[in-house]
Ligand SMILES: Cc1cc2nc3c(=O)[nH]c(=O)nc-3n(C[C@H](O)[C@H](O)[C@H](O)COP(=O)(O)OP(=O)(O)OC[C@H]3O[C@@H](n4cnc5c(N)ncnc54)[C@H](O)[C@@H]3O)c2cc1C
Ligand SMILES: Cc1cc2nc3c(=O)[nH]c(=O)nc-3n(C[C@H](O)[C@H](O)[C@H](O)COP(=O)(O)OP(=O)(O)OC[C@H]3O[C@@H](n4cnc5c(N)ncnc54)[C@H](O)[C@@H]3O)c2cc1C
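Protein chains in written order, with the numbering used here: chain A, 1 to 372; chain B, 1001 to 1421.
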């Protein structure tokens, strides 16, 4: 058999979305993963699909991705559990309320629906939040989905177009001639996409991503306990403080009524074990905002590794120093959200197609301010 | 909700035979012992609330009662940290208990293995051991017709109790072949106490048909169990009954050991001749270290207790007893090994995971346990795969995924109480 046009390394949500988009664009695609489908960060994520506004480029990619998810949603199987629950940003005090207003002023002129809530409206929207919070911002177009099932479905769709998926195949390194496997063999391909998430830097040079570990816990079913994806606006301060460790109140409903509790970030940590200290810190923060959580039963906790970049934007495009190697990684805490947009940005470049947004901000060759 | 801090130089989890023997030995050796168990009364699975206790249980329960230096706390251990030598437990009322230990003895016992077949989720179909527990705690079975099916000596013990409580045990369907059980019987001859037990049991159950190479193919009924379809060597017939108690042997409870980082194997937590696990200061005894019955649990418990308290010589003196029990355990496992044919009882329509309502067909094409969990939610519910995991280990050869805290559902308030320990 001829070598495939393109091999995607990594069967996470990003690799799966890219494989499907490339296959739909007519490429003969193979996907390789060292483990199972969606077994990396994509097994761990909360499944929140949201617009963000840390930078114009981040906004563009997230908003574009949301449009693409909305198009794809009717095709997806019920197991994808795609629910438009909206995001509720919670402002604890006046300073955070000012941030809520700033966000609303950013989103509304750009056509993204956003609704400011006062203290009363916030309490009505999420009755289990503690009293005395300043207010919030509701983003009704945001949603949650179950990304392991989505990645599975995407790969199945790609298979229908001739793609092949190879699990339990550890890749040692990626070179211009193809995949160098653990057993010394080389799997040839026209081009290779490194979509190995937080592990991408182990496979190619010039791939500046670092792991950012996260913990989550899921509770037993508690119908209607949480209605939206709820996040504290204090997250803005903690996530971007430059500290190597941060926790924030972040909960989300699962369709069957369980509550997902997050979130925390530990930069540069590779140990997959549960870190009880930070898990507890995260749970305490959640209880501060929703005291009733203390009485729910947690059934399981887990960890995952996000792929962090210096400027919090993903790396999508040719990998520097190679002729035929491409990157689709560095999505940090937004890889589920931006998987669809990433696939378009990548396919546009690889197959010479149209793309709904400019690709330049995501090119690996971009120079990060203050870093060259 | 309250948070209590406790500590013990030797902490024992589980107040079954293994835990009782361990605590007694450790206390005899002068240790300061703290026992943690979620069960209200001492005794574990076998002596739980038992009325007609035999000599063995009377002896050990009395020893526990009289021992100096043993404290007990009623709470379920939900999390543990080996490096901080710390357990976290929750009481029935929802309070949390933090326990610090110097030496830890895990005597967490075993649970029944269930295998799915058509109709196994009908009301009236229960675990054989579960039925035993229900009867012990007051379920009235007088005049009820009960079929017991599955595998292993537990079926006989349950039949005996049911008979004593005036239920009609219609029959016992044992999947193992007669020849295998006979070979096992021969081996029993080398362990006289066991032989006497078996003979006594057999005599008491003389009126109950004990069918070997026989299993329930289907449980039938609209809202509730009405009858079962039996299969013995291809012969099929229907039997009416009010309860079906099933159980296909036992599975060691290894989750807590796994969370602590102890090496575990398919047969139980891996231990050496002194019941030491791979983690410094952590011992394991009884069914959790390998299925083998009450005598093995007692011997291992004692060894663990003496060893944890530093009485190496006393522990060593029990080596012979232990070896004999391990031989019995191996023979038991061989005699009641599950037959391949049982895999055929499951169709694509059969529910495997009751918590998340996952059918066998949904698992088609899944690589392993983790993929099945991620893609179908099998084992992701309340019991966290304790039930379907045992079935899928047999049906698919899947090994359990890595254990993450909590090992049992625990209030979030309990989880964070760990900081205060
Ligand atoms: C706790 C947590 C919560 C999150 N919540 C959200 C959220 O709500 N919304 C959101 O948008 N994002 C969220 N994220 C981020 C999101 O999960 C990730 O950005 C996304 O899953 C990345 O997908 P990926 O396909 O790039 O990486 P991964 O899913 O990690 O996939 C990479 C794949 O590469 C494979 N691989 C690695 N090395 C090799 C090798 N040598 N050979 C072969 N294959 C290899 C791995 O096995 C893996 O399957 C969260 C992340 C975490 C950790
Ligand atoms: C349902 C069932 C019924 C049985 N009936 C019989 C019988 O009738 N006759 C017979 O000979 N054998 C019976 N057995 C076999 C029985 O397991 C052994 O004979 C013997 O009881 C084993 O002793 P053990 O101390 O190893 O475990 P067990 O007696 O099982 O004791 C373990 C104890 O640890 C406790 N425990 C477990 N995990 C935790 C935790 N995380 N936190 C706190 N406490 C914990 C349990 O509640 C239990 O009390 C039965 C087994 C089962 C599963």
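Backbone N, C-alpha and C define an ideal beta-carbon position, used for all residues, glycine too.
Owing to the predicted nature of the structure, the values given are computational and were not obtained by experimental measurement.
Three-state secondary structure assigned by DSSP to residue i
| i | result |
| --- | --- |
| residue 1103/B | strand |
| residue 1409/B | coil |
| residue 58/A | helix |
| residue 194/A | strand |
| residue 1181/B | helix |
| residue 1068/B | coil |
| residue 313/A | coil |
| residue 340/A | helix |
| residue 406/A | It is not possible to answer for residue 406/A, since the shown part of chain A is limited to 1 through 372. |
| residue 225/A | coil |
| residue 1114/B | coil |
| residue 1394/B | helix |
| residue 1037/B | strand |
| residue 250/A | strand |
| residue 129/A | coil |
Sequence-distant residues of the same chain with beta carbon closer than 6 Å to residue i, five excluded per side
| i | result |
| --- | --- |
| residue 1102/B | 1009 |
| residue 59/A | 53 |
| residue 1418/B | 1088 |
| residue 370/A | At residue 370/A the pLDDT is 45, less than 50, meaning the model places this residue with poor confidence; the figure from the coordinates comes in the next sentence. Correct list: empty, nothing qualifies. |
| residue 372/A | With a pLDDT of only 37 at residue 372/A, under the threshold of 50, the placement of this residue in the model should not be trusted, and no figure is reported. |
| residue 1037/B | 1014, 1015 |
| residue 1156/B | 1201 |
| residue 324/A | 176, 191 |
Beta-carbon proximity of residue i to residue j, cut-off 7 Å
| i | j | result |
| --- | --- | --- |
| residue 1109/B | residue 1253/B | yes |
| residue 42/A | residue 13/A | yes |
| residue 22/A | residue 29/A | yes |
| residue 1129/B | residue 1290/B | no |
| residue 255/A | residue 81/A | yes |
| residue 1056/B | residue 1020/B | no |
| residue 340/A | residue 69/A | yes |
| residue 1409/B | residue 220/A | yes |
| residue 1126/B | residue 1135/B | no |
| residue 1148/B | residue 1133/B | no |
| residue 154/A | residue 27/A | no |
DSSP beta-bridge partners of residue i
| i | result |
| --- | --- |
| residue 212/A | 267/A, 306/A |
| residue 1283/B | 1105/B, 1276/B |
| residue 1159/B | Looking at the DSSP assignment, residue 1159/B forms no beta bridge with any residue, so it has no partner. |
| residue 1236/B | 1231/B |
| residue 135/A | 91/A, 118/A |
| residue 232/A | 90/A |
| residue 1248/B | 1151/B |
Interface residues of chain B facing residue i [CB-CB closer than 7 Å]
| i | result |
| --- | --- |
| residue 301/A | 1404, 1405 |
| residue 43/A | 1374 |
| residue 148/A | 1374, 1375 |
| residue 220/A | 1382, 1409 |
| residue 335/A | What residue 335/A touches in chain B: nothing, since even the nearest Cβ is about 16 Å away. |
Contacts that residue i makes with chain B (C-beta to C-beta distance below 9 Å)
| i | result |
| --- | --- |
| residue 155/A | Going along chain B, no residue has its Cβ under 9 Å from residue 155/A, so there is no contact; the nearest lies around 11 Å. |
Under 8 Å from the C-beta of residue i: neighbouring residues of chain A
| i | result |
| --- | --- |
| residue 1418/B | 276, 280 |
| residue 1360/B | Here the premise fails: no neighbours, minimum Cβ distance about 17 Å. |
| residue 1092/B | None at all; the shortest Cβ gap to chain A is about 13 Å. |
| residue 1412/B | 217, 219, 261, 283, 286, 287, 293, 294, 295, 296, 297, 298 |
Neighbour list for residue i in chain B, Cβ cutoff strictly below 8 Å
| i | result |
| --- | --- |
| residue 36/A | 1367, 1368, 1370, 1371, 1374 |
| residue 13/A | Going along chain B, no residue has its Cβ under 8 Å from residue 13/A, so there is no contact; the nearest lies around 12 Å. |
| residue 167/A | 1367 |
| residue 152/A | 1375 |
| residue 39/A | 1370, 1371, 1374 |
Same chain, Cβ closer than 7 Å to residue i, neighbours up to 5 away in sequence not counted
| i | result |
| --- | --- |
| residue 148/A | 38, 42, 43 |
| residue 1042/B | 1015, 1020, 1061, 1064 |
| residue 1388/B | 1352, 1353, 1378, 1379 |
| residue 1256/B | 1013, 1077, 1080, 1106, 1108, 1407 |
Sequence-distant residues of its chain with Cβ nearer than 8 Å to residue i (five each side left out)
| i | result |
| --- | --- |
| residue 1069/B | 1027, 1030, 1031, 1032, 1033 |
| residue 1259/B | 1079, 1080, 1403, 1404, 1405, 1407 |
| residue 1007/B | 1034, 1099, 1100, 1101 |
Chain-ordered neighbours of residue i on chain A, where CB pairs are closer than 9 Å
| i | result |
| --- | --- |
| residue 1415/B | 217, 276, 279, 280, 283, 298, 301 |
Chain-ordered chain E contacts of residue i [CB-CB under 9 Å]
| i | result |
| --- | --- |
| residue 1081/B | Chain labels in this structure do not include chain E; the protein chains are A and B. |
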